[in-house]
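For the protein sequence lines, the chains are A and B, in the order given. Just so you know, we're using our numbering here: the first sequence kicks off at 8 and counts up by one. Just so you know, we're using our numbering here: the second sequence kicks off at 45 and counts up by one. Note that CB positions come from ideal geometry on N, CA and C, so glycine has one too. Below: the structure, in structure tokens.
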Amino acid sequence: MGYLYMFLSLTCFGLLGIFAKIADLRGCKPGAVYTLAYGWSLLFGVVFVAFFRGADFHVPFVVYEIALPFGVASVIGGMVFLAGIRYGKISTSWLVINLSAAIPAIGSIAVYHERVNQKKIAVIALAVVSVFLLWKDKQADEARSAAFNMPEGAR
Amino acid sequence: MNRSSAWLRLMAVAFVANGLGPFGLKIMAEKGLSETYHYQYLILWYAGGLAFGLIWFLATRGRFRAQELVMSFGIGMASFGGQLFSLLALEKNMPGYVVFPMTTGGNLFLVAAAGVFLFRERVGAYGIAGILTGILSLILLSLG
Numbered sequence: 008m009g010y011l012y013m014f015l016s017l018t019c020f021g022l023l024g025i026f027a028k029i030a031d032l033r034g035c036k037p038g039a040v041y042t043l044a045y046g047w048s049l050l051f052g053v054v055f056v057a058f059f060r061g062a063d064f065h066v067p068f069v070v071y072e073i074a075l076p077f078g079v080a081s082v083i084g085g086m087v088f089l090a091g092i093r094y095g096k097i098s099t100s101w102l103v104i105n106l107s108a109a110i111p112a113i114g115s116i117a118v119y120h121e122r123v124n125q126k127k128i129a130v131i132a133l134a135v136v137s138v139f140l141l142w143k144d145k146q147a148d149e150a151r152s153a154a155f156n157m158p159e160g161a162r
Numbered sequence: 045m046n047r048s049s050a051w052l053r054l055m056a057v058a059f060v061a062n063g064l065g066p067f068g069l070k071i072m073a074e075k076g077l078s079e080t081y082h083y084q085y086l087i088l089w090y091a092g093g094l095a096f097g098l099i100w101f102l103a104t105r106g107r108f109r110a111q112e113l114v115m116s117f118g119i120g121m122a123s124f125g126g127q128l129f130s131l132l133a134l135e136k137n138m139p140g141y142v143v144f145p146m147t148t149g150g151n152l153f154l155v156a157a158a159g160v161f162l163f164r165e166r167v168g169a170y171g172i173a174g175i176l177t178g179i180l181s182l183i184l185l186s187l188g
């Protein structure tokens, strides 16, 4: 059962990127899509807690203080991402968004003084190299498109 | 500003903002609140995003279209489903060192494949190298 949940999780996360690309192709406004998406997610969360977690909605105030601003940061990230894929490819843009998982790792080192080991340095270095290579790919694509006067990323 | 610069700038903002989003979970864990209030935290996290989005949207006098409602339903379901199924896999005693690399690497592979086969995107040598380096970085990161 654990493997099924894991497979469903990776499929859902993947569909998130695919839906974002479809929304972009259909000319949806990033602000509208992500505002409504967070509305839907909130609704799903409330239904899940109401039916499967004993309808326990009581939380200490500190949870509000933590959750609300980070939710705001996240929705801004989503809106800007959707605006950005208009200029790039989903295959590479989606990787950049996933690489942002390095930010909490850096935050943990800066705020909680977590030990910096060689693996963490390697992770951050690889993330930087990856973003650089994706940017080079974008530039190469642009140069090729200009040379052949065709839409970027198209075959 | 050319397209690659526009893309890089927007992705840089998205990278930072999207990366800050999950840092709240780290703060919750440090305060010992994560296990007890994980789902409630998720609800409030989405509520914060929704509140900001609505304020911004009303301030810009935007309008929602039916198409946006449908697309957002898909994104919302995928976002909540992804987080929920990860948590359920962990609750079923799947080790984190299996769940996190598999969900991260798997979803990246899925989207890259969709980009190439579904949306007909051309990924050059730099792009392929970047994707592989990125996946390696994320797998290392999710191994803790």
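Does any residue of chain A have a CB that is nearer than 9 Å to the CB of residue i?
| i | result |
| --- | --- |
| Y214(B) | No answer is possible for residue 214(B): the residues shown for chain B start at 45 and end at 188. |
| E112(B) | yes |
| E79(B) | no |
| R105(B) | no |
| A158(B) | yes |
Using DSSP with H/G/I as helix, E/B as strand and the rest coil, what is residue i?
| i | result |
| --- | --- |
| T104(B) | coil |
| C35(A) | coil |
| R162(A) | Confidence at R162(A) is low in this model, with a pLDDT of 45, below 50, so its placement is unreliable and the value that follows should be read with caution. Looking at R162(A) - three-state DSSP - the assignment turns out to be coil, as it is neither helix nor strand. |
| M121(B) | helix |
| K143(A) | helix |
| N46(B) | coil |
| I25(A) | helix |
| M72(B) | helix |
| P139(B) | coil |
| E121(A) | coil |
| L52(B) | helix |
| K126(A) | helix |
| G93(B) | helix |
| F163(B) | coil |
| A169(B) | helix |
| M8(A) | coil |
| A108(A) | coil |
| P66(B) | coil |
| L184(B) | helix |
| R109(B) | coil |
| L77(B) | coil |
Comparing the C-beta of residue i with each C-beta of chain B, is any distance below 9 Å?
| i | result |
| --- | --- |
| F58(A) | no |
| F155(A) | no |
| R122(A) | no |
Give me the chain D residues within the contact set of residue i, using Cβ-Cβ distance strictly less than 9 Å, ordered along the chain.
| i | result |
| --- | --- |
| G150(B) | No chain D appears in the structure shown, which is made up of the protein chains A and B. |
Quick test of the definition: if touching needs 3 or more C-beta pairs under 8 Å, does the stretch 133-143 of chain A touch the stretch 170-182 of chain B? yes
- Query: Of all the residues that make up the stretch 51-66 of chain B, which are near chain A by a beta-carbon distance shorter than 9 Å?
  - Reply: Those residues of the stretch 51-66 of chain B that come within reach of chain A (Cβ to Cβ, closer than 9 Å) are W51, L52, R53, L54, M55, A56, V57, A58, F59, V60, A61, N62, G63, L64, G65 and P66.
Practice prompt. Take every Cβ of the stretch 25-34 of chain A, pair it with every Cβ of the stretch 86-105 of chain B, and state whether three or more of those distances are shorter than 8 Å.
Written response: no
Next on the checklist: Does the contact criterion of 3 or more C-beta pairs under 8 Å hold for the stretch 63-72 of chain A versus the stretch 81-91 of chain B?
Outcome noted: yes
Q: Would you list, in sequence order, the uninterrupted alpha helix (DSSP H) runs of no fewer than 4 residues that lie entirely inside the stretch 29-94 of chain A?
A: With a minimum length of 4 residues, the continuous alpha helix (DSSP H) runs that stay inside the stretch 29-94 of chain A are 37-59 and 68-91.
Just checking, does the stretch 119-127 of chain A make contact with the stretch 138-146 of chain B on the three C-beta pairs under 8 Å criterion? no
Closer than 7 Å, Cβ to any Cβ of chain A: which residues of the stretch 160-186 of chain B, in chain order? V160, F163, R164, E165, R166, V167, G168, Y170, G171, A173, G174, I175, T177, G178, L180, S181, L182, L184 and L185
Review point. Three or more beta-carbon pairs under 8 Å between the stretch 39-56 of chain A and the stretch 91-106 of chain A, yes or no?
Key: no
Inset, instruction - Could you please tell me which residues of the stretch 84-106 of chain B, in chain order, have their CB closer than 9 Å to any CB of chain A? - result: Those residues of the stretch 84-106 of chain B that come within reach of chain A (Cβ to Cβ, closer than 9 Å) are Q84, Y85, L86, I87, L88, W89, Y90, A91, G92, G93, L94, A95, F96, G97, L98, W100, F101, T104 and G106.
For the stretch 23-39 of chain A, which residues have a beta carbon sitting closer than 7 Å to at least one beta carbon of chain B? L23, G24, I25, F26, A27, K28, I29, A30, R33, C35, K36, G38 and A39
- Message: Is it the case that the stretch 56-74 of chain B contacts the stretch 44-57 of chain A, given that we only count it when at least three CB pairs across the two stretches are under 8 Å?
- Response: no
| message | Using 8 Å as the cut-off, can you tell me whether the stretch 128-137 of chain B makes contact with the stretch 10-18 of chain A, which would need three or more C-beta pairs spanning the two stretches below that distance? | response | yes
Handout entry: Under 7 Å (Cβ pairs) to chain B, residues found in the stretch 102-118 of chain A
Key = L102, V103, I104, N105, L106, S107, A108, A109, I110, P111, A112, G114 and S115
Quiz prompt | Against chain B: residues of the stretch 63-85 of chain A by CB proximity under 9 Å | solution = D63, F64, H65, V66, P67, V69, V70, Y71, I73, A74, L75, P76, F77, G78, V79, A80, S81, V82, I83, G84 and G85
Pull out every residue of the stretch 113-126 of chain B whose Cβ sits closer than 8 Å to any Cβ of chain A, in chain order. L113, M115, S116, F117, G118, I119, G120, M121, A122, S123, F124, G125 and G126
Could you run through the stretch 141-153 of chain A and flag, in chain order, every residue whose CB is less than 7 Å away from some CB of chain B?
L141, W142, K143, D144, K145, Q146, A147, D148 and E149
Check your understanding: Per the contact definition of three or more C-beta pairs closer than 8 Å, is the stretch 45-55 of chain A in contact with the stretch 89-96 of chain B?
Key -> yes
Specify whether the stretch 112-119 of chain B and the stretch 95-110 of chain A touch according to this definition: at least 3 beta carbon pairs, one from each stretch, less than 8 Å apart.
no
ask   = When Cβ atoms are compared, which residues of the stretch 43-57 of chain A fall closer than 9 Å to chain B?
value = L43, A44, Y45, G46, W47, S48, L49, L50, F51, G52, V53, F55 and V56
Assess contact between the stretch 82-90 of chain A and the stretch 52-59 of chain B, defined as three or more Cβ pairs (one per stretch) separated by less than 8 Å. Is contact present?
Put simply, the stretch 82-90 of chain A touches the stretch 52-59 of chain B. At least three CB pairs are less than 8 Å apart.
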